[in-house]
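Enquirer: Per numbering that gives the first Met the number 0, the sequence shown starts with residue 0, numbered consecutively. Backbone N, C-alpha and C define an ideal beta-carbon position, used for all residues, glycine too.
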Amino acid sequence: MSTSSFDRWQSLTVGLYMSLVGYAVLAGIPVLSSSWVNLLNFTEVQVGRVAGADLGGLAFGAIIASALITHISRRLLVVASVTGAVAANCACIFYSDYTTTLILRFLAGSASGVFTGIAVATLGGRSSPTHAFNYLLFAFAFVQGAELYFLPKLSIQEIYLAFGISYLPVLLCLHWIPESKDRQDIAVQSPKNLDLDDTPKKPVLSLTLFLVAMAFTYINIGAYWTYIELAASDALLDSEWVSSLLVWASLASLLGCFVATVISDRLGVTRPLLLTLIIQGISVSVLALGISEPIFFVSLLSFNFLWIFIDVYQMGSIARFDPTGRFAALMPAAQGVGQMIGPNIAATVLAVNGGYGGVFIMCGCASIIAYLLYQSAFQRLSSRPS
């Protein structure tokens, strides 16, 4: 039995809560996008820029966390990030112009990135990180559904306040956050679920390729999730039906978590992940043919099922090969970079009159590029000398 402080239930609990809070904006971005348009009169292009700033800040903050995680107390980093996140979110209540909102959302995202980087590194430090990330993604499906149901009932100011308040409970549980992972705490495990040969050498280049592939995966996710509700509105689909489907489709993620675990136990990660990325690319690109209710229904359900399905594998893969936690702390950075680039590319496509069809084709291309990068990384790991 592991005696690592990372394997205690307190560490798991606080890591899960912090991760869910850190990813809250990502989960609720369709509602935020609609609120920025309908309540603050932002244009569709401005929505992409603001979403990109918020989620790009997540990447920036996670990079800071990765750089400082072995040099500065993790608990001190959490206190600083909570202070910044609460302040920036509360400031958004009093300013509604585009430029100020853009800056404040970047600051809020940056603080959230540091916070989330520590959270993910805490989960990744466990002796069984794949299970920890599965718990996270399972819980994320519930949180996402709850946000999509309740946030539309709030004003934009109340949404900002809710985001800010959600950070505060962590201050009561600081002593649950492990400060570091000592070498003796690192259990050398055979990554049997990766169906790859294990060697003592840390596969730095392969881990880097994993992170780049994750970024491309989130270019697809960021653009699709930012604009899917606005695209449905542009196609004149019933808004109440769309809102209801967004909530229920989020629960498809629960099934995705379960299926991903069953498949990985039997077939490993490599082939299921690569196949899923191809199917994901098709499921988002099909919207370029025209958005009708049946096509929208199939695409949205597929997207939510496969999104979490993919994350179970890519997050677990990185954590399993990274005992130091530095690459694990960079996962929110890779996600944030993708979430920053995706909405901005989508906004540019719309700005040059490429339409939502062009946006969804771009999403599909990003998923295929992620497939190629993961394929290269897995080939490198498979060919390493024993």
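How is the alpha helix (DSSP H) around ALA370 delimited, first residue to last?
Expert: Reading off the sequence, residue 370 comes out as Tyr, not Ala. TYR370 -> alpha helix (DSSP H) spans 354 to 381.
Enquirer: Quick check: the Cα distance between ASP310 and LEU235, rounded to an integer number of angstroms?
Expert: Going from the Cα of ASP310 to the Cα of LEU235 covers about 32 Å.
Enquirer: May I have the straight-line CA-CA distance separating VAL81 from SER291, to the nearest angstrom?
Expert: Straight-line Cα distance between these residues: approximately 43 Å.
Enquirer: Is LEU372 closer than 7 Å to VAL203 when the C-beta atoms are compared?
Expert: Result no, Cβ atoms of VAL203 and LEU372 do not sit closer than 7 Å.
Enquirer: Do you know offhand how far SER284's Cα is from PHE41's?
Expert: Their backbone Cα atoms lie some 26 Å apart in a straight line.
Enquirer: Rank ALA66, VAL30, GLU157, PHE137 by C-alpha distance to the C-alpha of PHE93 and give the top, closest one.
Expert: Answer by Cα proximity: GLU157.
Enquirer: My understanding is that PRO29 touches LEU245, with C-beta atoms under 8 Å, so please give their C-beta distance in whole angstroms.
Expert: Their Cβ separation, rounded to whole angstroms, is 6 Å, which keeps PRO29 and LEU245 in contact under 8 Å.
Enquirer: Taking its Cβ as the centre, do 16 or more other Cβ atoms sit within 10 Å of TRP390, making it buried, or is it exposed?
Expert: It is not possible to answer for residue 390, since the shown part of the chain is limited to 0 through 385.
Enquirer: Mind checking whether the beta-carbon of TYR370 lies closer than 6 Å to any heavy atom of the ligand GDP?
Expert: In terms of ligand content, the structure shown is empty, and the ligand GDP therefore cannot be addressed.
Enquirer: So, is ALA222 buried or exposed, given that buried needs 16 or more other C-beta atoms within 10 angstroms?
Expert: When all chains shown are included, ALA222 counts as buried.
Enquirer: Which of the three DSSP states, helix, strand or coil, is assigned to VAL348?
Expert: VAL348: helix per DSSP, three-state reduction.
Enquirer: Within the same chain, show all residues whose beta-carbon is closer than 7 Å to that of MET361, passing over the 5 residues directly before and after it, in chain order.
Expert: Excluding positions up to five away in sequence, the list reads ALA222, ILE344, ALA345, VAL348.
Enquirer: Grab me the residues of CYS91's own chain with a C-beta within less than 6 Å of its C-beta, minus the 5 sequence neighbours each way, in chain order.
Expert: So the qualifying residues of the chain are LEU103, TYR159.
Enquirer: Suppose the cutoff is 6 Å on Cβ atoms and the five residues either side in sequence are ignored; what does the same chain contact list for VAL261 look like?
Expert: Nothing meets the Cβ criterion.
Enquirer: May I ask you to report which of helix, strand or coil DSSP gives GLY56?
Expert: Three-state DSSP puts GLY56 in a helix.
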